[in-house]
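> For reference, the structure I am asking about is given below.
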Amino acid sequence: MIIIDWLKLESRRLFLKKYLSKSTLLKKRNKKEDLRIKHERPHEVFYLHQVDDPYSHLCCQVLDQLNAAYNIKITPLVVGEPPESATPEVELLKKHSIDDASMIAPFYGLDFSTNKNKMSIEMIEKAQTILLSMNSDQFISMAKIVGEALWGNDIKALDEMVRSTTSMTKEKLVKKIENNNKKRKELGHYLGAVFAYEGECYWSIDRLPFLEKRLQDLNANKDNKILILERNSSNNKTLVLSQTIEIDFFISARSPYSYLALKQLIQLKKRLPIKINYRPILPMVMRGMKINLEKGLYILSDCKRIANQKEISFGNIVDPLGKAVERCYSIFPYIKRLDKEEEFFDLFLTDVWAKGRHGYLDKTLKNIILKLGLSWDDAKKEVDTNYWRKEIENNRKRMYEIGKWGPPSFSVKNENGQVLINLWGQDRIWLIEEMMYLMKDKDK
1329 MIIIDWLKLE SRRLFLKKYL SKSTLLKKRN KKEDLRIKHE RPHEVFYLHQ
1379 VDDPYSHLCC QVLDQLNAAY NIKITPLVVG EPPESATPEV ELLKKHSIDD
1429 ASMIAPFYGL DFSTNKNKMS IEMIEKAQTI LLSMNSDQFI SMAKIVGEAL
1479 WGNDIKALDE MVRSTTSMTK EKLVKKIENN NKKRKELGHY LGAVFAYEGE
1529 CYWSIDRLPF LEKRLQDLNA NKDNKILILE RNSSNNKTLV LSQTIEIDFF
1579 ISARSPYSYL ALKQLIQLKK RLPIKINYRP ILPMVMRGMK INLEKGLYIL
1629 SDCKRIANQK EISFGNIVDP LGKAVERCYS IFPYIKRLDK EEEFFDLFLT
1679 DVWAKGRHGY LDKTLKNIIL KLGLSWDDAK KEVDTNYWRK EIENNRKRMY
1729 EIGKWGPPSF SVKNENGQVL INLWGQDRIW LIEEMMYLMK DKDK
């Protein structure tokens, strides 16, 4: 790599280190709060609702509780589908979202059910029309009802609600959605099921506690500081687990969420009988997919707050895209033969996501190999070869077979190799543990 490439990576590293720092975050928040007070604005929380998005259906069910618990003004915005640059595999995302929302809803005391029939564009537009005609209070009280009719393909119920609203032409509907999509972009996001408050976005119920904590820090809560939404465990954690499960972990060296997932799985493995099979895949960008600016910045900011919460070092980043990923993966077959995959990925990902080290440099790779107690002379023979590409491609194909398209993804199997559950995202690692206890509970 030439010096100009190194300088570009260093420049980006320094920018991101400052951008993600605690001091920068506090400075931004203080500035936002000063302006809010100066202009005598309420604590306004924008809520981005996509009617055909399962996570939006979950989120709209907590709006009344959020409104009751905090001195805030909720401003709902009905938005359309995310841009193509943010959703490379639309159909896989839709199926995954339905399956995922169905699995997690009971743990939060929420409802999500669908009759599995594909909803028509006409029904989606009816639901949009109904909600766009409502004020904030009406939206908060009716969004779940509208969603239940839509996900239940209850055209009769939707028609009845449409008749009781102000008529809206197709052109006006499209214009309103377009305007709300523009506002979504201004707020810094690209999906539905998003809460946006004073410069920061919080996606779905998974991130709602972060918003609540921020509001509580500003003394915007009405009474006590108990979170309105906490995940409940459905299983008996006093049971002793004996059956080992295997996890095929589809990991990318360029995915910050893979890094966070890896750290959590390592800790989980210390407590529970788990075997992890590491299946590296190429980053989405190296597979021809695009990521827009809003998505890129949101992901890094999101990873930083998760890392802070879980006490994982993160933020001194040298993007491993390209050469660093390829050199990392070229050593992987050697590492795999010596059964050091976990330690290798832990060291490499920590270097590029937390320690500001250039993953493509011989110096970085050599240091990792020596820390593993292995021979650099043997390992460097593998560097820059192409033997790894077939295995990485096979991993990609297998990931698509389980209905996922990006890292981190997990295929969880029992001792007999039977697939128990397929998951996507570091947000769902807790579900692996819940499933293990549920299996044990059933065996009693």
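Each number in this note's numbering comes from the position in the sequence shown (counting from 1) with 1328 added on.
Idealized CB from N, CA, C, for every residue including glycine.
Using the C-alpha atoms, what's the distance from residue 1705 back to residue 1537?
49 Å
> Please look up how many angstroms separate the CB atoms of residue 1732 and residue 1577, rounded, as I've assumed it's under 8 Å.
That pair is no contact at about 12 Å.
> Could you check how far apart the C-beta atoms of residue 1606 and residue 1673 are, in whole angstroms? I think they sit under 8 Å.
The beta carbons of residue 1606 and residue 1673 sit about 6 Å from each other, so the pair counts as a contact at 8 Å.
> Can you tell me the Cβ-Cβ gap for residue 1375 and residue 1416, rounded? I've got them flagged as a contact below 8 Å.
Not a contact, Cβ separation roughly 26 Å.
> Taking 8 Å as the cut-off, does the stretch 1634-1648 touch the stretch 1576-1595 (at least 3 CB pairs, one atom from each stretch)?
yes
> Taking residue 1395 as the reference, give the member of 1527, 1697 and 1557 with the closest Cα.
Each of 1527, 1697 and 1557 was checked against the Cα of residue 1395, and the nearest Cα belongs to 1557.
> Does the distance from the CB of residue 1388 to the CB of residue 1504 come in under 8 Å?
no
> Distance check for residue 1381 and residue 1502, CA to CA, integer angstroms please.
18 Å
> Between which residues of its own chain and residue 1527 is the CB-CB distance below 8 Å, once the five residues before and five after are set aside?
1356, 1357, 1360 and 1516
> What residue range does the alpha helix (DSSP H) around residue 1450 cover?
In the DSSP annotation of this structure, the continuous segment of the alpha helix (DSSP H) that includes residue 1450 starts and ends at 1449-1460.
> Given this structure, state the Cα-to-Cα distance separating residue 1573 from residue 1338, to the nearest angstrom.
41 Å
> Assign residue 1330 to one of two classes, buried (16 or more other C-beta atoms within 10 Å of its C-beta) or exposed (fewer than that).
exposed
> Can you list, in chain order, the residues of its chain with a C-beta nearer than 7 Å to that of residue 1688? Leave out the 5 residues immediately preceding and following it.
1329, 1651, 1652 and 1655
> I think residue 1546 touches residue 1371, with their Cβ atoms under 8 Å apart; what is that distance to the nearest whole Å?
7 Å between Cβ atoms; contact.
> If residue 1413 and residue 1620 are in contact, beta carbons under 8 Å, what's the gap, nearest whole angstrom?
Here residue 1413 really is in contact with residue 1620; their C-beta atoms are around 4 Å apart, less than 8 Å.
> Between residue 1509 and the rest of its own chain, which residues show a CB-CB distance below 7 Å, the 5 nearest in sequence each way excluded?
1407 and 1408
> What are the start and end residues of each continuous alpha helix (DSSP H) run of 4 or more residues lying completely inside the stretch 1369-1420, in chain order?
1382-1387 and 1391-1397
> Just tell me which of 1670, 1604 and 1685 has its CA closest to the CA of residue 1745.
1604
> For the 8 Å Cβ check, are there 3 or more pairs between the stretch 1472-1486 and the stretch 1450-1457?
yes
> Quick check: the Cα distance between residue 1368 and residue 1391, rounded to an integer number of angstroms?
23 Å
> Could you round the C-beta distance between residue 1752 and residue 1737 to whole angstroms and report it? I think they count as a contact, below 8 Å.
5 Å
> Among 1523, 1410, 1532 and 1765, which residue has its Cα nearest to the Cα of residue 1543?
1523
> Assuming residue 1489 and residue 1460 are in contact, meaning their beta carbons sit under 8 Å apart, how far apart are those beta carbons, in whole angstroms?
In fact, because the Cβ distance is near 12 Å, the residues do not count as touching under 8 Å.
> Closest by CA to residue 1600, which one among 1436, 1761, 1373 and 1550?
Closest by C-alpha distance to residue 1600, out of 1436, 1761, 1373 and 1550, is 1761.
> Out of 1690, 1635, 1644 and 1532, state which residue places its alpha-carbon closest to the alpha-carbon of residue 1658.
1690
> Going by DSSP, which residues form a beta bridge with residue 1576?
1605 and 1739
> Whole angstroms is fine: what's the gap from residue 1612's alpha carbon to residue 1423's?
19 Å
> Could you compute how far the alpha carbon of residue 1724 sits from the alpha carbon of residue 1614?
12 Å
> With a 10 Å radius around its C-beta and 16 neighbouring C-beta atoms as the bar for buried, classify residue 1632 as buried or exposed.
Under this definition residue 1632 is a buried residue.
> In the DSSP output, which residue or residues are listed as bridge partners for residue 1528?
1525
> When you compare only the Cα positions, how much space is there between residue 1486 and residue 1450?
10 Å
> Taking only runs that begin and end inside the stretch 1646-1686, name each unbroken beta strand (DSSP E) of 3 or more residues, in chain order.
none
> Can you list, in chain order, the stretches of the beta strand (DSSP E) that have 3 or more residues and sit fully within the stretch 1704-1768?
1737-1741 and 1747-1752
> Quick check: residue 1464 and residue 1365, are their CB atoms within less than 8 Å of each other?
No, the Cβ-Cβ distance between residue 1464 and residue 1365 is not below 8 Å.
> Drop a sphere of 10 angstroms on the beta-carbon of residue 1754, count the other beta-carbons inside from all chains shown, and report buried for 16 or more, exposed for fewer.
buried
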